[in-house]
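Enquirer: The sequence shown begins at 1469 in my numbering and counts up one residue at a time.
Glycine included, C-beta positions come from ideal geometry on N, C-alpha and C.
Predicted model, so just to flag it, every value in this text is computed and none were measured.
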Amino acid sequence: TSEYEHYTNLSPWLELKERGLLKEIRSIPLRRDDGSLDLTRLGSMIDNQTKIVAVSAASNALGTKTPLVEIGKAAREVGAYFVVDAVHHILHGPIDVQALDCDFLVFSGYKLFSRHGSFMYGKLDHLERLRPYKVTPAPEHPPEKWELGTRDQAQFAAIAGVIDYLTWLSEQVRSLYSGKFTSYSGRAKELKIAMDAIQGYEKILSRAMLEGIEDAPGLLQIPHVKIYGLTDSKRLGERDPTFLFRVKDHPDDLVVEKLWTDHAIAIRSEGYYSKALEIFGIPTAIRGSLAHYNTVREIRQLLRALEKME
């Protein structure tokens, strides 16, 4: 795993180790200077004793994207399962499980404008061969043997609505994608176009957060704001638009309260169940978590408000 995982991708493995079912848990180190993973240590992390490599597609606290291609390749070379936690990243860009060649990928619907509830992709041979817990009369074949009880139909209706929305979004930008994603067709192509468009727009938002917009200085230019993670505007492709920061001499919860009461800006401060905050030695921090419904004007309002908190 890695040092910036959400604890939902740590605690299960820790419990298995406590039960004696795992011998060792290794974590790819987090670089303190830029919030990325230190892949120079990958060879010592993944070897012939490794059974499972489970990593986030992106850090839910720092926004750093995980280099899944490199890590997946290392996992396959030693015959380990490659599991991707895409909960945080699912909203921010296209994902192709076949191109990644991951064994399993999971995400939560509420991160994609849907209802709470989990979704899992798994390679068919794994779904057929592995034996998850199930009640005795339940079917022996996938996907039913992986599903406990009656499915929540409202959840499927909600995620279907999300797919319809993304399809509509792809239609708005289709003219910009002539000759692109030619290996896809139908709804798969429409989803790739929509998610790529979202990713491109969110890079604009990320640049505004870091460098500023109009008369508002970026997070990098506000002296009393400390950012944790990737801050290089030339590396926006390596991050999602999620920013972790603190304001000097201001408790995190009071910053959040002031932003809401004085500026009607909703933002959060907590630990986000992320191992990353432990690595940085901070109990909590403020997280600006942007999505494609946000605007540059809203970012300007946030930056101006933070600038005034000297």
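Could you spell out where the alpha helix (DSSP H) holding residue 1669 opens and where it closes?
Expert: 1654-1679 is the span of the alpha helix (DSSP H), which, as asked, contains residue 1669.
Enquirer: Determine whether the beta carbon atoms of residue 1623 and residue 1585 lie at a separation below 7 Å.
Expert: Cβ atoms of residue 1623 and residue 1585: closer than 7 Å.
Enquirer: Measuring only from the beta carbon, is residue 1692 closer than 6 Å to any heavy atom that is part of the ligand FAD?
Expert: Only the bare structure without any ligand can be found here, which leaves the ligand FAD out of the picture.
Enquirer: Determine the direct distance from the alpha carbon of residue 1493 to that of residue 1636, and round the result to whole angstroms.
Expert: Spanning the two alpha carbons is a distance of roughly 43 Å.
Enquirer: Can you grab the Cα-Cα spacing for the pair residue 1555 / residue 1565, in whole Å?
Expert: Approximately 14 Å between the Cα atoms of the pair.
Enquirer: Are the segment 1733-1752 and the segment 1648-1662 touching, with three or more C-beta to C-beta distances below 8 Å?
Expert: The segment 1733-1752 is not in contact with the segment 1648-1662.
Enquirer: Looking at the structure shown, is residue 1492 part of a helix, part of a strand, or coil, going by DSSP?
Expert: Coil at residue 1492, not helix or strand.
Enquirer: Residue 1694 bridges to which residues according to DSSP?
Expert: 1714.
Enquirer: Do you know offhand how far residue 1783's Cα is from residue 1601's?
Expert: This structure cannot speak to residue 1783, because the chain is shown only from 1469 to 1778.
Enquirer: When you compare only the Cα positions, how much space is there between residue 1735 and residue 1711?
Expert: C-alpha separation (whole angstroms): 11 Å.
Enquirer: Measuring CA to CA, which of 1633, 1650, 1707 is closest to residue 1561?
Expert: Here the closest residue by C-alpha is 1707.
Enquirer: Quick check on DSSP: helix, strand or coil for residue 1533?
Expert: Residue 1533: strand per DSSP, three-state reduction.
Enquirer: Give me the Cβ distance between residue 1766 and residue 1685, rounded to the nearest whole Å; I'm assuming they're in contact under 8 Å.
Expert: Their Cβ separation, rounded to whole angstroms, is 16 Å, which puts residue 1766 and residue 1685 out of contact at 8 Å.
Enquirer: Can you tell me the Cβ-Cβ gap for residue 1470 and residue 1518, rounded? I've got them flagged as a contact below 8 Å.
Expert: With 8 Å as the limit, residue 1470 and residue 1518 do not qualify as a contact, their Cβ atoms being about 14 Å apart.
Enquirer: Suppose contacts are defined by Cβ-Cβ distances below 7 Å. Is residue 1569 in contact with residue 1524 by that definition?
Expert: No, the pair does not count as a contact, with Cβ atoms beyond the cut-off.
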